[in-house]
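Asker:
Numbering (the working numbering), first residue to last: 24 to 103.
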């Protein structure tokens with residue numbers, strides 16, 4: 024893994040970073056890695072959580088059958 028050194032961090036930013044790390048029970052280094060992951064969109068997906076979300080959505084839409092005609096009409100709505 025790569026190593027990054029960040030210099031001249033403003034005191035206010037460092038204080039906020041320290042508070043965030045403490046609130047999430049992380050080291051400052053781990054908090055920075057978490058924030059970089061979040062900013063770059065490289066968050067990890069928990070497969071079990073993803074499946075649970077899909078099941079909940081499927082349960083909500085169980086009684087709402089949509090036909091091809093419904094989809095066509097919805098796509099065409101508002102078009103000339």
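All residues carry an ideal CB built from backbone N, CA and C; glycine is no exception.
Rounded to a whole number of angstroms, what is the C-alpha to C-alpha distance between residue 51 and residue 75?
Answerer: In a straight line, the C-alpha of residue 51 is about 32 Å away from that of residue 75.
Asker: CA-CA distance, residue 79 and residue 88?
Answerer: Whole-angstrom Cα-Cα distance: 16 Å.
Asker: Between 65, 56, 84, which has its C-alpha nearest residue 27's C-alpha?
Answerer: Checked all of 65, 56, 84; the closest Cα to residue 27 is 56.
Asker: Write down every uninterrupted run of the alpha helix (DSSP H) in the stretch 24–53 whose length is 4 residues or greater and which is fully enclosed by it, in chain order.
Answerer: Runs of the alpha helix (DSSP H) inside the stretch 24–53: 34–46.
Asker: Under the assumption that residue 44 contacts residue 54 (Cβ atoms under 8 Å), give the Cβ distance between them as a whole number of angstroms.
Answerer: Contact holds; Cβ gap of about 4 Å.
Asker: In whole angstroms, give me the CA-to-CA distance for residue 30 and residue 42.
Answerer: Each residue's Cα considered, the two are about 19 Å apart.
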